[in-house]
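What follows is a short report on a single structure.
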Amino acid sequence: MSQVNRLSGGLVDRETALDFSFDGKRYQGVAGDTLASALLANGVRLMGRSFKYHRPRGVLSAGSEEPNALVELRDGARREPNTRATCVELYDGLLANSQNRIGSLRFDAMAVNDLLSPFLAAGFYYKTFMWPRAFWEKVYEPIIRNAAGLGRLSKQEDPDSYDKGFLHCDLLIVGAGPAGLAAALTAGRSGKRVILADEDFRMGGRLNCETFALGDQSGADWAAATVAELTGMDNVRLLPRTTVLGAFDHGIYAAVERVSDHLTQPAANRVRQTLWRIYASRTLLTAGATERPVAFENNDRPGIMLAGAMRSYANRWAVTPGQKVAVFTNNDDGLRTAVDLAAKGVTIAAVIDSRKDATPLEGFNHLRGALVVNSRGRLGLREISVRLADGSLHKIACDALGVSGGWNPNVQLTCHQRGRPVWDDTLAAFVPGGSLPTGMSVAGAAMGDMTTTGALVSGARAAMEALELSGSAPDMPQAEDAPCSPTPLWFVSEGKGRAWVDLQNDVTVKDVKLSHQEGFVSVEHLKRYTTLGMATDQGKTSNVTALAVMAELTGKTIPETGTTIFRPPYTPVAIGAFAGRSSGKDFRPTRLTPSHKWAGEQGAEFVEVGAWLRAQWFPKAGESSWRQSVDREVLAVRKSVGVCDVTTLGKIDVQGADAATFLNRIYCNGFAKLAVGKVRYGLMLREDGMAMDDGTAARMAEDHFVVTTTTANAVGISRHMEFARQCLWPDLDVTLISTTEAWAQYAVAGPNARKLLQKIVDPEFDISNEAFPFMGCGEITVCGGLRARLFRISFSGELAFELAVPTQYGDALIRRLMAEGEEFDVVAYGTETLGVLRIEKGHAAGNELNGQTSALNLGMGRMVSKKKDSIGSILSEREGMTADRHRFVGFKAVNAGDAVVAGAHLMNKGSVENAANDQGWVSSAAYSPVLGSSIGIGFLVDGDTRLGEIMVAANPLEGSSVNVEVVSAHFVDPDGERLRG
Amino acid sequence: MLRINCPVCGTRDETEFTYGGDATVVRPAMDETRAQLWLDYVFNRDNPRGPHTEYWHHVQGCRQWLVMERNTLTHEVGECHLAKEAC
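The structure is reproduced here in structure tokens:
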């Protein structure tokens, strides 16, 4: 099909033809087209089906407010649903498909919904899909989701990348129409840092769509010349194809730049979109205004569109939406559409003007005091019915109708903080009001200055004021200064048919009336009951009309009825843009341990522990399950020696004259008397008395401690200790620094641990049991002079040391330890074996210190010193905590073949398994290769006095219950002889 | 998104900080035995509409705890100083 509706002139490049396809059919457009203008040029009016009733729909607007012409753009993994055809810049090879249909766009099977519409009014879902409850998820939801909804996601990974960026400026100007360009010129010439953002690919706003002259230039030429001047300014950054989508606190704005959306696919190493965070000292909103339609019966047919949009298509894109056009208006602006189209040679069938007293438009069939009351044409407009001033009904044949009900200032961004628009009677529209976002001012049509001269002057003045510039603003060219003089007209209601208010969510005047009848009088209720304004267009063309309908029903004024506010984003934003580069494995940073490379070489399985990747176990050839590897590692440690990377444990260096006093207040047990060269286990409580974290503190010197925390709590404990130091006891002489990343630390555990270490510890350091006993610590050197810290602490219950060296030697140290350990059959062990070893020894860890247990529960009640002030000690004595009788014990499966499961709840034998009979729970469990049985540790009511009792560990989730014997949690070496050996 | 004027680092994004709650509560002395005072210190907080004096920790910056006034209604922020320095 040739471009039957292409006119002369316009801002398109006819020399550059672009091929594209819509619903499989090939068309041709030209450079400068949008998908919507190119389709109209080819005589395509039908572009989509409506959300609920599947009514045939065409394009309503020429901008981002578009509710109807939503398409699926591109295909494969790049398929992008719900894309507004009015915003898609045409490129060669563009592929688009209509959506929300079953069958073809012309014969959509779901259009049956339209026949059923009497049953599908507002609140239909709420009233219909109530019973039975079991059907909600299984039956109703799939049906509704299938029938409603719009485009389909590709469900494939997005092949493109997105980025985030940060910009700073003195003045951010949102919108590059006449007001924005005048402001940018004023601010740019002053030398201030300016950002001018516009959602369109061609800056100029309405200047590109109107025929007014600015001085001796056309509006479009003036806009182009101004953009050229701004482009030459180093202090001005132009951001076309960029939507400022939200106004946030303290002058921060978010904007999405569609870097590559106008291309088939992004160029190599280019992103698809960039999400900018803009820090603006001042912001000027010059976002213009959006035209609103007038509702009448069957006002949703393809071919019926906004009068201003019709002018945009004719003047900017050289396209007429039809061969025989009518205009329906309540203001002078609508008349311009007739004049402009006629000037391009389009036949104007009639101009229907609701105002009886309008100045007659010479040369046109100007029907004053008349109303459009209905339309006909199944897949596109064929005819309108017009009620003339004398009461007679006339039918007028036409294939396009431009409707103008006046213009609404684009107040969206002014509402994003606490602004509430106020009603302006003269404009019959809401203008910005209330407290605007920090640093924001508004000019041009967005402020209600609806003329070109008004926009130019107010834009320049607002820039002067925002930047506190002295002198006079640059001269602005002479331009039209005619008010558009609207006489409010919201809807025409004659017959029984449906008049559409919200085209995207299919809400009619009747729905608004029904909502009112059913008591949903508040505007907020109206929105939620009818879903008006809640579609992806956020009701840009419908909210005010709905308010007006509601006002008429309640007999109130519009401002009494309510206001309409908006939230970010201004237009829909792809989730990918919000994610930026934080997707897949880059979703968050990964921390690697010093032995990571070596462990990878050994074929270790890794596990995420917070942000860390830790070796979980080290499979050997011939091992077919993780249990085989773990059992081998456990037995090797208990028999000879094993090495484990424990770098991830938090390390905090505590220094200062008051370091001991400080730790005495941080830990519930005493630290003041700890000797230099000694380590002590410490338990930290929260101020509410619950256990928070445990670890060790090693006194390296009188005024120097090294504190360890659990891996999971490392960041939180550091923050907690800083709070105590800075906010609770700022008078103490103590400083803290996290050294987790500074030291690579390995646990060397097992009967041969000392022998192994003696091979690398420099000979001047004696680490014999006498010289370096259990819980000793010291600064030493290893491998011929490398500084190191040695701690004789044991998590496994074996003779064990933890050796720390500066991180950069961590890889060398693990290789050296494993090489030197060969004669002892040394093993490397991972977090699974670490867990088994500590459960066998009965050491509490994260599962026990989960924030819901106390020192008393953990069997450490006596550790809480009453002689000193420590965090949590007072509230640990409150009644609610001392009354809790759960105590830390161990559990052993009665039948060696049964598995004890962490999370199982403990019941007395023979009692019904329910919450009322709950006696406690298993917090950690493992198979102990040493005992040849499954074991657990956990909390049992009066557990310390119930050793030997047989209980049931109930696991109703998996339908298994096993008998367990209550035992001491210290399964291995209860007297601690090994670790002291 | 707030911009917080850290007295050490200058104006920085809220994302560098963590919130630390009401900065006007005072921890009772160790020998304080009235349970109500401990209860108030640990658990009870006002939820004012308007000015609020609160702790912020510059955890991804200088690690200093700050005391800042913030209007909970408008998010306007006022004076900000180091917690360890009495204002």
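Which chain is which? The protein sequence lines are A and B, in order. With the first letter of the first sequence counted as 1, position 936 gets the number 936 in this note's numbering; the numbers rise by one all the way through. Position in the second sequence (first residue = 1) + 1000 = this note's numbering. Just so you know, even glycine gets a beta-carbon here, dropped at the ideal spot from N, CA and C. Values in this document were obtained by computation on a predicted structure and should not be read as measured data.
Beta-carbon separation of residue i and residue j under 9 Å?
i	j	result
A/I666	A/S870	yes
A/L11	A/N208	yes
A/D163	A/T274	yes
A/S876	A/L685	yes
A/L456	A/A182	yes
B/R1003	A/D333	no
A/N299	A/W500	yes
A/E687	A/G830	no
A/L728	B/R1027	yes
A/T290	A/V442	no
A/I767	A/L790	yes
A/L172	A/R282	yes
A/G151	A/N100	yes
Within the continuous beta strand (DSSP E) that includes residue i, where are the two ends?
i	result
A/Q726	Note, A/Q726: premise wrong, no beta strand (DSSP E); not H, not E.
A/D19	D13 to F22
A/N408	W407 to P409
A/Q616	W612 to W617
A/T853	Unbroken run through A/T853: none, as it is neither H nor E.
A/I352	T347 to D353
A/L756	No beta strand (DSSP E) contains A/L756, which is instead part of the alpha helix (DSSP H) from A753 to Q758.
A/T83	E80 to R84
A/H394	L393 to A397
B/P1051	P1051 to H1057
A/L489	Per DSSP, A/L489 belongs to no beta strand (DSSP E) and is neither H nor E.
A/P266	Neither: A/P266 is in no beta strand (DSSP E) and is coded neither H nor E.
A/K324	K324 to T329
Could you round the C-beta distance between residue i and residue j to whole angstroms and report it? I think they count as a contact, below 8 Å.
i	j	result
A/F939	A/G842	Not quite, the Cβ-Cβ distance comes to about 13 Å (not below 8 Å), so this is no contact.
A/S854	A/D884	7 Å
A/V71	A/A96	4 Å
A/L284	A/A466	6 Å
A/G205	A/G177	2 Å
A/G434	A/G419	4 Å
A/R368	A/R376	With 8 Å as the limit, A/R368 and A/R376 do not qualify as a contact, their Cβ atoms being about 24 Å apart.
A/R241	A/E257	6 Å
A/T438	A/D481	Contact flag wrong, Cβ pair sits at about 33 Å.
A/E977	A/V966	Going by Cβ atoms, the distance from A/E977 to A/V966 rounds to 24 Å, so no, they are not a contact pair.
A/T647	A/A744	5 Å
A/V509	A/R292	That pair is no contact at about 14 Å.
Quick check on the DSSP output: the alpha helix (DSSP H) that includes residue i runs from which residue to which?
i	result
A/D340	D332 to A343
A/D511	V509 to Q517
A/T453	T452 to A466
A/W317	Run containing A/W317: none; DSSP gives neither H nor E here.
A/R627	W626 to K639
A/A228	G219 to T231
A/H596	H596 to E601
A/T34	First-last for A/T34: undefined, no H or E at that position.
Item to check | Validate contact between the stretch 1013-1023 of chain B and the stretch 669-683 of chain A using beta carbons, cut 8 Å, 3 pairs | outcome: Using a Cβ-Cβ distance cut-off of 8 Å, the stretch 1013-1023 of chain B and the stretch 669-683 of chain A are not in contact, since fewer than three pairs of beta carbons, one from each stretch, lie closer than that value.
Checklist entry - On the three-pair Cβ rule with 8 Å, is the stretch 707-718 of chain A touching the stretch 781-790 of chain A? => result As far as the Cβ criterion goes, the stretch 707-718 of chain A does not touch the stretch 781-790 of chain A, which means the pair count is below three.
Checklist entry - Any residues in the stretch 579-595 of chain A with a beta carbon nearer than 7 Å to a beta carbon of chain B? Which ones, in chain order? => result Listed in sequence order: no entries.
Checklist entry - For the stretch 413-438 of chain A, which residues have a beta carbon sitting closer than 7 Å to at least one beta carbon of chain B? => result Of all residues in the stretch 413-438 of chain A, those with a C-beta nearer than 7 Å to a C-beta of chain B are R418, reading in chain order.
Item to check | Short-range partners of chain B found in the stretch 670-696 of chain A, where Cβ spacing is below 7 Å | outcome: Answer in chain order: E687 and D688.
Item to check | Touch test, the stretch 886-893 of chain A against the stretch 1044-1063 of chain B, Cβ-Cβ under 8 Å, three pairs minimum | outcome: Cβ pair count under 8 Å is below three, so no.
Checklist entry - Would you call the stretch 474-494 of chain A and the stretch 399-408 of chain A in contact, with 3 or more CB pairs under 8 Å? => result Flag = yes, the stretch 474-494 of chain A and the stretch 399-408 of chain A touch.
Checklist entry - Touch check for the stretch 307-322 of chain A and the stretch 60-80 of chain A: three-plus C-beta pairs under 8 Å? => result Yes, the stretch 307-322 of chain A is in contact with the stretch 60-80 of chain A.
Next on the checklist: I want to know whether the stretch 504-520 of chain A touches the stretch 532-552 of chain A - three or more CB-CB distances under 8 Å.
Outcome noted: Contact between the stretch 504-520 of chain A and the stretch 532-552 of chain A is present, with at least three C-beta pairs closer than 8 Å.
Item to check | At least 3 beta-carbon pairs within less than 8 Å: the stretch 1009-1017 of chain B vs the stretch 845-865 of chain A | outcome: With the cut-off at 8 Å, the stretch 1009-1017 of chain B and the stretch 845-865 of chain A do not touch.
Item to check | chain A contacts from the stretch 1037-1055 of chain B (Cβ-Cβ distance under 8 Å) | outcome: Against chain A - using a Cβ distance shorter than 8 Å - the residues of the stretch 1037-1055 of chain B are W1038, Y1041, V1042, F1043 and Y1055.
Checklist entry - Hey, is the stretch 640-648 of chain A in contact with the stretch 817-826 of chain A, meaning 3+ C-beta pairs nearer than 8 Å? => result Contact between the stretch 640-648 of chain A and the stretch 817-826 of chain A is present, because at least three Cβ pairs lie under 8 Å.
Checklist entry - When the Cβ atoms of the stretch 2-18 of chain A are set against those of the stretch 29-44 of chain A, are three or more pairs found closer than 8 Å? => result They touch, by the three-pair rule.
Next on the checklist: For the stretch 250-282 of chain A, list every residue whose C-beta sits within 7 Å of some C-beta in chain B, in sequence order.
Outcome noted: The residues in question are H250 and I252.
Checklist entry - Taking any Cβ of chain B, which residues in the stretch 727-753 of chain A have a Cβ under 7 Å from it, in chain order? => result Taken in chain order, the members of the stretch 727-753 of chain A whose beta-carbon sits within less than 7 Å of a beta-carbon on chain B are C727, L728 and P730.
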